[in-house]
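The block underneath contains the structure these notes are about, expressed in structure tokens.
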Amino acid sequence: MELGLYTRAVLTMNVLAAEAGGSNFLEQELSVVVLLAVAAAMAIIVKRIKVPYTVALVLVGLAFAFFPNFVELDFSPELILGLLIPPLLFEATLHLPWPKLKADLVPILMFAIGGTMLGTFAVGWLVWWLVGVPWLAAVAFGALVSATDPVAVIAFFKSLGVTKRLSVLVEGESLFNDAVAFVAFTLAVSAAAPDESFGIGNAIGDFLIVGGGGLAVGIVLGWFVSQV
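Residue numbering for the sequence shown follows numbering that gives the first Met the number 0, starting at 0 and increasing by one per position.
Set out below in structure tokens:
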């Protein structure tokens with residue numbers, strides 16, 4: 000885990016070096032080091048106060064929100080999507096045994112697709128009704144918050160000693176809901192663009208192309224790597 004975190008940090012700084020030069024890169028590198036130091040310090044502190052690590056990170060992130068100039072990071076959406084998300088998903092798959100995932104694939108997909116879309120539209124409706132933002136913007140926000148991360152839940156399951164099947168269901172749903180939420184968010188943003196013609200048929204087609212294409216690429220690359 001530490002090696003993976005270190006590798007992602009090095010790759011992140013290399014990409015930032017290509018995007019920003021000179022002193023700007025030095026500032027970005029210093030900000031990344033500060034954030035890694037804070038994350039490492041929280042990992043030590045939570046062992047003493049018995050608080051889940053992810054919960055502690057959320058609280059620290061909320062505290063940082065009151066000090067917006069504490070660190071200066073310029074991460075583009077493409078950088079987050081292309082560099083940080085894939086290693087996290089890959090690490091999650093390492094802990095899911097394929098036979099157990101395959102046995103519960105149908106309920107997992109039902110939770111991942113149906114549950115995520117239900118959460119997306121439910122949150123979107125609440126935001127649209129309470130805040131008054133445009134409907135498509137509210138749906139996009141709902142897609143952002145509907146893909147939950149189960150790290151704290153899984154840690155709680157381990158302390159309770161629940162069955163392995165329940166853990167597989169939760170982890171499997173989390174593995175697929177990121178893709179569903181990302182496609183839903185992208186489609187909502189595309190539909191909200193004033194110069195875009197958007198229809199439900201195009202949305203379903205884009206969903207199948209992105210989802211099926213990503214699955215096909217993953218299967219081909221996975222088979223190739225396993226052979227090598």
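Think of the CB as a built atom: it goes at the ideal place given N, C-alpha and C, for glycine as much as any other residue.
In this text the structure is predicted, and so the values were computed from the model without any measurement.
| query | result |
| --- | --- |
| Quick check on the burial criterion: 16 or more other C-beta atoms within 10 angstroms. Buried or exposed for Glu-172? | buried |
| Is it buried or exposed for Asn-176, if we count other Cβ within 10 angstroms and need 16 for buried? | buried |
| Does Ala-8 come out as helix, strand or coil in the three-state DSSP assignment? | The predicted model places Ala-8 with a pLDDT of 48, which falls under 50 and marks its position as unreliable; any figure quoted below should be read in that light. Note: Ala-8 maps to helix in three-state DSSP. |
| By the DSSP assignment, the alpha helix (DSSP H) with Ile-84 in it spans what residues? | 84-92 |
| When we look at the beta-carbon of Phe-110 and count the other beta-carbons within 10 Å, is it buried (16 or more) or exposed? | buried |
| Give me, in chain order, the residues of the same chain whose beta-carbon lies closer than 8 Å to that of Ala-191; leave out the 5 immediate sequence neighbours on both sides. | Pro-133, Leu-135, Ala-136, Ala-139 |
| Measuring straight from C-alpha to C-alpha, what distance separates Val-126 and Leu-87? | 29 Å |
| Skipping 5 residues on each side, what residues in its chain have a beta carbon closer than 8 Å to that of Thr-119? | Val-138, Gly-141, Ala-142, Ser-145, Ala-180, Ala-183 |
| Can you tell me which of the three DSSP states Val-45 falls into? | helix |
| Would you call Ile-84 buried or exposed, if buried means 16 or more other Cβ atoms sit within 10 Å of its Cβ? | exposed |
| To the nearest angstrom, report how far apart Met-12 and Ala-36 are at their CA atoms. | With a pLDDT of only 49 at Met-12, under the threshold of 50, the placement of this residue in the model should not be trusted; the figure read from the coordinates follows. Spanning the two alpha carbons is a distance of roughly 15 Å. |
| Would you kindly report the start and end of the unbroken alpha helix (DSSP H) that includes Asp-177? | 163-191 |
| So, helix, strand or coil for Asn-68, using DSSP? | coil |
| Could you give the first and the last residue of the continuous alpha helix (DSSP H) run that contains Gly-118? | 115-129 |
| With a 10 Å radius around its C-beta and 16 neighbouring C-beta atoms as the bar for buried, classify Ile-79 as buried or exposed. | exposed |
| Span of the alpha helix (DSSP H) holding Ala-146? | Ala-146 -> no alpha helix (DSSP H), and no H or E assigned at all. |
| With distances taken Cα to Cα, identify the nearest neighbour of Gly-114 among Leu-165, Asn-68, Val-169. | Val-169 |
| If you draw a straight line from the alpha carbon of Leu-129 to that of Ala-121, how long is it in whole angstroms? | 12 Å |
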